[in-house]
Each structure stands twice: as C-alpha cells, then as structure tokens.
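Inspection log for the structure reproduced underneath, given as structure tokens.
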Amino acid sequence: MSPRAGTAGHPHTLAFVESPVQLLNVLEWAHAHPPRTPGAPGAGLTLVVLSPTDPMTRGQLRRMAELAREEGHEVRWEEARGGATAPFHTIGGLAGTLRHAQRVVLGDPFSRYVQLLLTITRARELVVVDDGTATMEFVAQLARGERLVRWHRRGGRPGPRDLLFAPVTSSARRRLTPNAHRSVEVFSAMPVQDRPEGVTLTRNDFAWTRARFGPPRISRGADLVGTSLVETGVVDGDRYLTAVRSLARAHGATRYFAHRRESADKLHRLAGETGLEIVRPDLPLELIARRGPIGRTVLSFPSTVVHTLPLALAGTGVRIAVCDIDPAWLTRNASPRAQGFLSGVTGSARDVHRLAAVSRAL
1 MSPRAGTAGH PHTLAFVESP VQLLNVLEWA HAHPPRTPGA PGAGLTLVVL
51 SPTDPMTRGQ LRRMAELARE EGHEVRWEEA RGGATAPFHT IGGLAGTLRH
101 AQRVVLGDPF SRYVQLLLTI TRARELVVVD DGTATMEFVA QLARGERLVR
151 WHRRGGRPGP RDLLFAPVTS SARRRLTPNA HRSVEVFSAM PVQDRPEGVT
201 LTRNDFAWTR ARFGPPRISR GADLVGTSLV ETGVVDGDRY LTAVRSLARA
251 HGATRYFAHR RESADKLHRL AGETGLEIVR PDLPLELIAR RGPIGRTVLS
301 FPSTVVHTLP LALAGTGVRI AVCDIDPAWL TRNASPRAQG FLSGVTGSAR
351 DVHRLAAVSR AL
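Quick note on numbering: the sequence shown equals residues 1 to 362 in the UniProt record's numbering.
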C-alpha cells in the first residue's frame, strides 16, 4: 500500500485534471490545504490525468505531472481518449477507487468525462479548482440553477448529443450542489459575483507558484500573450492578426506566448506578418512568467491570465495590460453571450491596465 494512500489502499483525495492549468491549480489547492496526516507531504492525494489527444496539451501535462510527483503526490496517467473503447476502460478502471475516495477534486465541471465520473462518486467533499474563465460561468450557473454549458457555445436549442447527455449533466449539477451530506468548495483566483448557497469559496493566491519559482529576471521590452478565441470560433482570424500587429507595434512587443490550443497555421502567419518570436511554453504561463525572463509589460486579451498573472507576479513590478475585444472582431457564429462575458472578464480583473484606446484604433 502506498504511504500516501488512505483506508484499504484508497486515496483520501482523488483529483481529476484534463489540462495543465487544472493540474497547476490542484497543486495550489494542495498547498493551501495541508495533508490530514501530519508530516506526510501529499498524503492521500492521487492525481488522475484524463489525457487529451492534443500534443501541446499532453506535453505540458507531462511536465506538470513531474512537478506533482516532486511534491510527493501520486499521479495516474489515463489515455482516456485513446480510441472508441478508451472511455469505458478508463471509467471502469477508476470506479472502485472513485467510490472509496473521501474527497474529489475536479478542474472542469463542464467536462462530460468528469460529469460521468461524478455519477459514481460517494465522496462527502467535492472541490472545483480553476479551469480559467470557465470557473466564473460555472459558479454563476450553479447559483442560478441553470444547466451547465460553456460560455462560448452558441445559444439556442440543445443538439442531439446534449439531449442524450442531459440526465448525466443534471445529475452532475445536483452533485455539485451542497447539502447536509455533501460539502462543495470552489478554489479560485477568479472573481465570483453570484455566490451559490452553501458553497465554500476559497481564494487561490498562487502561493505555491511564488514559493516554488522565481523571482524572475525582468527584461525591458513587452511580451504578448496569445488566446484561442479564434480556434473556439469567437473572434475572426484576420481581425485578431490585425489586433496583435497593432499591439506589438504600439508597445514594442517582441515575443508572443502562444496558447496551447492555437493552431500551427495561425501561429506561422502571425510570425510572418508581425515579426514576433513565437514561444510555445512547456508549462502554464503563470510558471513560465515566474521563472522568467519576462517583459516589464505583459499584454493580453481578455483571458484567465489577466486574473492570475498579477497574483503569480506580485511584487515583481511587472505591468499587466489587457486589450478589450472590439465587438466588430466577433464572428457570426459567436455566442450572443460572448461580448458580455469577455467584457466581464476584463472589467473584473484587478491590478491590470486597460487598453481600450488600442481597441478603438483598430
């Protein structure tokens, strides 16, 4: 039996992650919640990586898994999407462990994989850690009693797959609603406006990241942070390229930190038309920035990093500046909620500089 295991060889806490940022925030949560067994780092925490197929995401997850093991945590890598039968093997293999876990930590309550797993668990404690800006929408939907749906999905009637999966989604929402037998915690660096009744909100201030890395060496220039808004169908590709070029020229940016979901074709075009050096990070940007070197100014569009980078880089003097998304940049297929949501992401960010003037100039 593992020295970090709980009763009958099962972990006290089982965490499910599908992205590097989710794994980072599980590490932050574990740092903020000392193990129940004194003197045993990582006691009872098993991290289950439900691996995606995207090579960039897999690479970052591998690096994050190494860091988790160095912190003393158990890591279980599941090829959860490795073929048509993979989900059945993964869920079947996890069912016993999941039923015995006392606490379940999850990074994406919108994930159908996670929603299926929630139907199995008997855990009396559920924890949702940040999955970026989606956490804001999850908390708001939970507070309003709405069905769980990602903000960038187009509105309208649910499709056939949504209808087929509706009972599982409804069950997950009930599981994520606290009651006399089950507590729910949200561990987040994101601003929460609608507090669901009975849910415990815990602030993520990136204490583990600041303790583990840095302080960084700061360069004179500016760095620009990429976004996957084009890939998700929210922002027009040509408009995005024009905005990046304008920002880079106005602020003297020389490097572009690509989002892990950005397409190779788009990045190749960005490099050719803007002259920016494209950097594909091997870790989440919060860790890359904390390790350094990082520009004295970091430019971003509305995204998670406008909330997390000020925390990770607290006390370093690095300036975070955010450029609003002009409504003219949105595609015809963008969700009607997209503009309001993105404006809210920017407007609720602390310790950042707004670049609305750049938006109007484009």
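Where a beta carbon is used, it is the ideal one built from N, C-alpha and C, also for glycine. Since the model is a prediction, treat every value here as computed from it, not as a measurement.
Strictly by DSSP, which residues pair up with Ala-271? By one-based count along the sequence shown, residue 271 stands at place 271. Ala-271 is not bridged to any residue.
Can you name the start and end residues of the beta strand (DSSP E) that residue 383 belongs to? The structure shown does not extend to residue 383, since the chain is modelled only from 1 to 362, so the question has no answer here.
What is the DSSP secondary structure of Ser-246, counted as helix, strand or coil? Within the sequence shown, residue 246 is the residue found at index 246, counting from 1. Three-state result, Ser-246: helix.
Would you call the CB atoms of Asn-204 and Glu-78 closer than 7 angstroms? On the sequence shown, position 204 is the one that residue 204 refers to. On the sequence shown, position 78 is the one that residue 78 refers to. Taking 7 angstroms as the Cβ cut-off, Asn-204 and Glu-78 do not qualify as a contacting pair.
Taking a contact to mean a Cβ-Cβ separation below 7 angstroms, would you say Ala-261 touches Glu-286 in this structure? On the sequence shown, position 261 is the one that residue 261 refers to. On the sequence shown, position 286 is the one that residue 286 refers to. It should be noted that the sequence gives Arg, not Ala, for residue 261. No. Outside cutoff.
Would you kindly work out how many angstroms separate the C-alpha atoms of Arg-245 and His-73, rounded to a whole number? Looking up residue 245 in the sequence shown gives position 245. Looking up residue 73 in the sequence shown gives position 73. Taking the straight line joining both Cα atoms gives about 43 angstroms.
Quick one: Cα of Ala-5 to Cα of Thr-46, how far? In the sequence shown, the residue the question calls residue 5 occupies position 5. In the sequence shown, the residue the question calls residue 46 occupies position 46. Because Ala-5 sits at a pLDDT of 42, beneath the cut-off of 50, its placement in the model cannot be relied upon, and the following sentence gives the value as read from the coordinates. Their Cα atoms are separated by approximately 8 angstroms.
Using 7 angstroms as the threshold, is the C-beta distance between Ala-248 and Thr-227 below it? Counted from its first residue, the sequence shown places residue 248 at position 248. Counted from its first residue, the sequence shown places residue 227 at position 227. No, these two residues do not count as a Cβ contact at 7 angstroms.
What does the alpha-carbon distance come out to for the pair Asp-223 and Leu-342? Translated into the one-based positions of the sequence shown, residue 223 becomes position 223. Translated into the one-based positions of the sequence shown, residue 342 becomes position 342. One C-alpha to the other measures close to 21 angstroms.
Near Arg-255, which residues of its chain fall below 6 angstroms by C-beta distance, leaving aside the five closest residues on each side in sequence? As a working note, residue 255 is residue 255 in the sequence shown. Hits under 6 angstroms: Asp-223, Glu-277, Val-279.
Is the beta carbon of Leu-201 less than 7 angstroms from the beta carbon of Ala-101? Reading the sequence shown from its first residue, position 201 is the one you call residue 201. Reading the sequence shown from its first residue, position 101 is the one you call residue 101. Their beta carbons are not under 7 angstroms apart, which means Leu-201 does not touch Ala-101 by this criterion.
Smallest Cα separation from Pro-35: which of Arg-62, Glu-71, Gly-59? As a working mapping, residue 35 is identified with position 35 in the sequence shown. Taking only the C-alpha atoms, the option nearest Pro-35 is Glu-71.
Let me know if Pro-167 comes out buried or exposed under the rule of 16 or more other beta-carbons within 10 Å of its beta-carbon. By 1-based counting over the sequence shown, the position of residue 167 is 167. So Pro-167 ends up on the exposed side.
CA-CA distance, Glu-185 and Ile-294? Walking along the sequence shown from the start, residue 185 turns up at place 185. Walking along the sequence shown from the start, residue 294 turns up at place 294. Near 33 angstroms, if we compare the C-alpha coordinates of Ile-294 and Glu-185.
How many Å lie between Val-318 and Trp-208 at the Cα? Translated into the one-based positions of the sequence shown, residue 318 becomes position 318. Translated into the one-based positions of the sequence shown, residue 208 becomes position 208. Approximately 19 angstroms between the Cα atoms of the pair.
Report the residue from Arg-269, Arg-210, Ala-253 whose alpha carbon sits nearest the alpha carbon of Asp-238. Working through the sequence shown from its first residue, we reach residue 238 at position 238. Of the candidates Arg-269, Arg-210, Ala-253, the one whose C-alpha sits nearest the C-alpha of Asp-238 is Arg-269.
Residues near Ser-348 in its chain [Cβ-Cβ closer than 7 angstroms; skip 5 each side]: Position 348 of the sequence shown, counted from the first residue, corresponds to residue 348. So the qualifying residues of the chain are Pro-191.
As a quick exercise: from Ala-80, Val-17, Pro-87, pick the residue whose alpha carbon is nearest that of Val-105. For the purposes of this step, residue 105 is identified with residue 105 of the sequence shown, where counting begins at 1. Ranking Ala-80, Val-17, Pro-87 by Cα distance to Val-105 puts Val-17 first.
Helix, strand or coil for Arg-154? Go by DSSP, reduced to three states. As a working mapping, residue 154 is identified with position 154 in the sequence shown. Note that Arg-154 scores 48 on pLDDT, short of 50, meaning its location in the model is unreliable; the coordinates nonetheless yield the value given after this. Coil.
Are Leu-23 and Met-64 closer than 7 angstroms when you measure CB to CB? Against the sequence shown, residue 23 aligns to sequence position 23. Against the sequence shown, residue 64 aligns to sequence position 64. It is a contact, given that the beta carbons lie within the stated cut-off.
Beta-carbon contacts of Arg-291 that lie in its chain and below 7 angstroms, excluding the five residues immediately before and after: Your numbering for residue 291 matches position 291 in the sequence shown. If we look at Arg-291 and ignore the five residues flanking it on each side, its Cβ neighbours are Phe-213, Gly-214, Pro-216.
Let me confirm a value: Arg-99 is counted as buried when at least 16 other C-beta atoms fall within 10 Å, else exposed. Which label applies? Against the sequence shown, residue 99 aligns to sequence position 99. Arg-99 should be labelled exposed.
Which word fits Thr-53, buried or exposed, when buried means at least 16 other C-beta atoms lie within 10 angstroms of its C-beta? Translated into the one-based positions of the sequence shown, residue 53 becomes position 53. Answer is exposed; the Cβ neighbour count stays below 16.
In angstroms, rounded to a whole number, what distance separates the CA positions of Asp-236 and Leu-50? The residue labelled residue 236 in the question sits at position 236 within the sequence shown. The residue labelled residue 50 in the question sits at position 50 within the sequence shown. Approximately 31 angstroms, taken between the alpha carbons.
With distances taken from CA atoms, which of Ile-325, Arg-62, Gly-198, Thr-133 is nearest Ala-180? Your numbering for residue 180 matches position 180 in the sequence shown. Cα-wise, what sits closest to Ala-180 is Gly-198.
In the structure shown, what three-state DSSP assignment does His-251 receive? Against the sequence shown, residue 251 aligns to sequence position 251. In the structure shown, His-251 sits in a helix (DSSP, three-state: H, G or I).
Taking 7 angstroms as the cut-off, decide whether the C-beta atoms of Thr-135 and Ser-188 are in contact. Sequence index remark: in the sequence shown, residue 135 carries index 135 (1-based). Sequence index remark: in the sequence shown, residue 188 carries index 188 (1-based). Yes, these two residues count as a Cβ contact at 7 angstroms.
If Leu-309 and Ile-325 are in contact, beta carbons under 8 angstroms, what's the gap, nearest whole angstrom? One-based indexing of the sequence shown puts residue 309 at position 309. One-based indexing of the sequence shown puts residue 325 at position 325. Leu-309 to Ile-325, Cβ: 18 angstroms. No contact.
Just reading off the alpha helix (DSSP H) that Phe-187 is part of, what are its end residues? Within the sequence shown, the letter at position 187 stands for residue 187. Note, Phe-187: premise wrong, no alpha helix (DSSP H); beta strand (DSSP E) at 183–188.
Apart from the five residues just before and just after Ser-300, which ones in its own chain have a Cβ nearer than 6 angstroms to its Cβ? Stepping through the sequence shown from its first residue, residue 300 is reached at position 300. The residues are Val-225, Val-306, Val-322.
Pull up the DSSP beta-bridge partners for Glu-277, would you. Residue mapping note: residue 277 aligns to position 277 of the sequence shown, counting from 1. Paired residues: Arg-255.
Is Asp-194 helix, strand or coil when you go by DSSP? Numbered from its first residue, the sequence shown carries residue 194 at position 194. Correct three-state label for Asp-194: coil.
8 angstroms contact criterion, which Pro-109 and Leu-148 should meet: CB distance rounded: As a working note, residue 109 is residue 109 in the sequence shown. As a working note, residue 148 is residue 148 in the sequence shown. Pro-109 to Leu-148, Cβ: 6 angstroms. Contact.
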